[in-house]
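**Q** In the working numbering, the protein residues as written are 1 to 368.
1) Here's the rule I'm using: 16 or more other beta-carbon atoms within 10 Å means buried, otherwise exposed. How should residue 152 be labelled?
2) Given this structure, state the Cα-to-Cα distance separating residue 197 from residue 69, to the nearest angstrom.
3) Mapping DSSP to helix, strand and coil, what is residue 259?
4) Could you name the residues of the same chain whose beta carbon sits closer than 6 Å to that of residue 319, not counting the 5 residues immediately before and after it, in chain order?
5) Look at the Cβ atom of residue 323, then the Cβ atom of residue 355, and state whether they are nearer than 8 Å.
6) When you compare only the Cα positions, how much space is there between residue 352 and residue 359?
7) Ignoring anything shorter than 3 residues, give me the beta strand (DSSP E) runs that lie fully in the stretch 171-203, in order along the chain.
8) To the nearest angstrom, how far is it from the Cα of residue 94 to the Cα of residue 143?
9) Looking at C-beta atoms only, is the number of pairs between the stretch 118-128 and the stretch 51-69 that lie closer than 8 Å three or more?
10) If you follow the beta strand (DSSP E) that residue 359 is in, where does it begin and where does it stop?
11) Residue 231 to residue 31, Cα distance in whole Å?
12) Provide the residue span of the alpha helix (DSSP H) that contains residue 340, from first to last.
13) If I measure Cβ to Cβ from residue 311 and keep anything under 8 Å in the same chain, skipping five residues before and after, which residues do I get?
14) Along the chain, where does the beta strand (DSSP E) that runs through residue 87 open and close?
15) Going by the DSSP bridge assignment, what does residue 234 pair with across the sheet?
16) When you compare only the Cα positions, how much space is there between residue 244 and residue 102?
17) Note the first and the last residue of the continuous beta strand (DSSP E) segment covering residue 82.
18) Leaving out the 5 sequence neighbours to the left and right, which residues in its chain are closer than 6 Å to residue 199 when beta-carbon positions are compared?
19) I need the straight-line Cα distance from residue 191 to residue 155, nearest angstrom please.
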């Protein structure tokens with residue numbers, strides 16, 4: 001780490017150059033350093049630094065709502081403007097930039113401490129066992145695109161996928177692969193993140209719901225929440241009916257400038273979507289539908305930031321599960337160190353004091 005370039009009082013990540021306090025309190029001055037870091041990260045993938053907002057055609061696939069000029073690409077790299085038309089080769093209803101693998105229960109899913117697969121919640125309607133679904137599996141579907149660009153991304157495989165536009169699977173291929181295996185009891189979309197391939201995510205999820213017959217097959221998502229609402233609503237309806245759930249990675253507090261610094265994007269859309277899904281959450285008590293997590297990034301996501309997230313969740317519904325995730329150094333913030341056990345326990349205590357009913361610390365093996 002280095003001395004913050006603005007205040008010269010606190011430590012900052014070497015690649016970001018500015019500390020959390022200066023990002024919060026002197027954002028205009030800090031922005032040039034934020035832009036430099038994001039430009040470097042995005043440039044390696046030949047993608048725009050920020051969502052384009054000039055003259056062109058609007059892409060409504062995700063919450064970024066890029067306005068793409070002729071001959072240019074959107075933030076995710078999947079949508080491009082060709083002669084005044086938005087063109088996509090992948091992330092459509094017919095084909096996705098995705099690979100799948102089989103992951104036996106109990107998985108490292110951040111909701112496994114409350115979900116049907118990890119606990120048997122909702123048995124026998126939503127789970128095949130009255131307890132952890134040992135012997136059954138999750139179809140893990142890793143998507144090769146994202147609507148954010150986190151400088152601490154812990155799943156950077158999507159970077160190469162985004163550049164190569166491979167591997168691909170057709171909707172029918174993926175549906176067939178999942179339905180042929182009777183051990184699959186849930187499907188989890190993650191990556192990357194599902195928002196930029198929402199048409200594909202919806203179509204596969206819809207066909208699975210229609211063709212699964214009487215078997216249990218839950219539809220789950222792990223997302224940053226930056227969806228276009230018209231897609232999220234349709235996917236959420238399928239997930240709710242199936243016994244699955246949607247987990248939001250609430251990276252920073254509502255409206256926090258840290259989200260722009262660390263992930264490149266304002267989080268207004270994500271929090272608005274989270275609020276909208278509370279109605280879905282209240283419709284089904286057996287298995288919590290809406291879930292949340294926060295990665296405890298040292299030096300940037302401090303107790304003040306976490307308390308603001310906790311307060312937001314608690315005001316909506318205290319039954320929403322919340323997972324406080326330990327961080328390990330990676331990607332462009334590899335110099336930050338690991339989350340301390342002391343800090344994780346402080347956050348856990350704050351969540352309990354706020355009245356959250358289902359809260360835990362994840363990745364405990366990483367705590368120092």
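Backbone N, C-alpha and C fix where the C-beta goes; we use that ideal spot for every residue, glycine too.
**A** Inspection of the coordinates gives the following:
1) buried
2) 20 Å
3) helix
4) 357
5) no
6) 7 Å
7) 184-191
8) 14 Å
9) no
10) 359-362
11) 32 Å
12) Taken as a continuous stretch (DSSP letters only), residue 340 belongs to no alpha helix (DSSP H), as it is neither H nor E.
13) 354
14) 85-87
15) Per DSSP, none; premise fails for residue 234.
16) 17 Å
17) 80-82
18) 92 and 93
19) 7 Å
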